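Below: the structure, in structure tokens.
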Amino acid sequence: MKQQLGLVLLFARQELIDRYRDNLLGVAWLVLQPLIYILIFTLIFSDIMKNRLADFDQPYAYSIYLVSGLLAWMMVNNTITRLSSIYQDKSTLIKKVPISLSLMPLYIPLVELVVYLIGMLLFAIVLILIGYSFDYYWLWLPVLFLLNGIFAYAIGLFLALLSPFIPDIRTATPVLLQLFFWMTPIIYLPTLIPESFQWLIAINPFAWLVSNLQNIIFFHASPKLSYLFLLIIVSGILLGLCRWLQIRLERDIRDLI
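To get my numbering, take the position in the sequence shown, counting from 1, and add 61.
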């Protein structure tokens, strides 16, 4: 187990290097890419979209709301998308290296979590510069980061275990995630949704994780414990199902890829 976890960390390190290897600025893009996004959303969108949150006495209100949810969505979206085809993408590696099918994909959420944390650090610096008032609710963030990463890993691993048998999963995953993006209150407030459709947010696990971050960063409130518990339950069920699928299908998966 210790040796396999060491391999996961090695894969994560190599992934970060390979991702920017061909770029002139190299790993500097780890900082530049999220910084550019944050500056665009903060400086440009705050002026264009300020009327959307006219009730809030903060010139950058919409930008804070948008970025707090969008950074989390990007992490979860990238994790699930990349995991859904991980066994096909890394088939040569899986055949050469004796590593568990559930442990090997861990490097994907680890890498995306590193990228996300860098983005959040830069976001916090920008918030300081625009006069944002921090509070103790931010102490919840490490819990949410970990839980969101586990949730994304659980969904992605579930899709990865099925994708060798159902190739359409790799094509359908980005499409479905795009659908969930618009069903999740990231670029709009939940109150803008008609009452008859509010139940769509209540059953949307992506809305649970995004809403908790928006509560802390934008609304200066504690996360909804019901959403936390629901994410834990859903993640636990998915991980248990993944373990069951791995036991039953591992040999077939290794043959198919």
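The beta carbon of each residue, even a glycine, is placed where N, CA and C say it ideally should be.
Predicted, not measured: the structure shown is a model, and the values here were computed from it.
Length of the line joining the Cα atoms of residue i and residue j
| i | j | result |
| --- | --- | --- |
| Y197 | A282 | 9 angstroms |
| L323 | L144 | Residue 323 cannot be examined here, being either before or after the span of the chain that is shown, 62 to 318. |
| T252 | Q239 | 21 angstroms |
| L220 | Y177 | 22 angstroms |
| Q65 | S163 | 11 angstroms |
| L131 | S272 | 11 angstroms |
| Q94 | L100 | 10 angstroms |
| D229 | Q307 | 20 angstroms |
| D83 | V187 | 29 angstroms |
| I179 | W201 | 17 angstroms |
| L199 | I248 | In the sequence on display, residue 199 carries Trp and not Leu. Answer to the nearest angstrom: the Cα atoms are 21 angstroms apart. |
| L250 | I160 | 44 angstroms |
| I262 | A268 | 6 angstroms |
| G301 | R231 | 22 angstroms |
| W90 | Y81 | 7 angstroms |
| F241 | F258 | 14 angstroms |
| P246 | W260 | 13 angstroms |
| F195 | V158 | 46 angstroms |
| V92 | I189 | 17 angstroms |
| G297 | Q75 | 29 angstroms |
| F290 | P284 | 11 angstroms |
| I303 | Y98 | In the sequence on display, residue 303 carries Cys and not Ile. Cα-Cα distance, rounded: 35 angstroms. |
Own chain residues within Cβ distance below 8 angstroms of residue i, not counting five before or after
| i | result |
| --- | --- |
| K63 | none |
| L270 | A133, V137, L205, L208, N209, F212, Y288, L292 |
| K151 | M165 |
| D313 | P225, F226 |
Near the ligand ATP: residue i beta-carbon under 7 angstroms from a heavy atom
| i | result |
| --- | --- |
| L299 | Absence of the ligand ATP from the depicted structure is noted, as is the absence of any ligand whatsoever, leaving it without description. |
Contact set for residue i: own chain, Cβ-Cβ below 7 angstroms, skip 5 residues either direction
| i | result |
| --- | --- |
| S129 | L274, Q275, I278, F279 |
| L299 | A215, I216, F219 |
| A73 | Y168, L171, V172 |
| M181 | L132 |
| L310 | L222 |
| M244 | L261, N265 |
Rounded distance between the beta-carbons of residue j and residue i, thought under 8 angstroms
| i | j | result |
| --- | --- | --- |
| R315 | I169 | That pair is no contact at about 19 angstroms. |
| G192 | I141 | Wrong, their Cβ atoms sit about 35 angstroms apart, outside the cutoff. |
| V69 | L167 | 5 angstroms |
| L77 | V175 | 7 angstroms |
| V295 | P255 | V295 to P255, Cβ: 26 angstroms. No contact. |
Contact set for residue i: own chain, Cβ-Cβ below 6 angstroms, skip 5 residues either direction
| i | result |
| --- | --- |
| L17 | In the structure displayed, the chain extends from 62 to 318; residue 17 sits before or after that span and is not available. |
| L317 | P225 |
| E173 | M136, N139, T140 |
| I147 | P166, A221 |
Give the list of continuous alpha helix (DSSP H) stretches no shorter than 4 residues that lie fully inside the segment 261-298. Correct list: 266-278.
Whole runs of the alpha helix (DSSP H) within the segment 187-224, excluding any shorter than 4 residues: Within the segment 187-224, the complete alpha helix (DSSP H) runs of at least 4 residues are 202-223.
At 4 residues or longer, what runs of the alpha helix (DSSP H) sit wholly inside the segment 166-190? The DSSP assignment places complete alpha helix (DSSP H) segments of no fewer than 4 residues inside the segment 166-190 at 168-190, in order along the chain.
Fully enclosed by the segment 74-100, which alpha helix (DSSP H) runs are 4 residues long or longer? The segment 74-100 contains these whole alpha helix (DSSP H) runs: 90-100.
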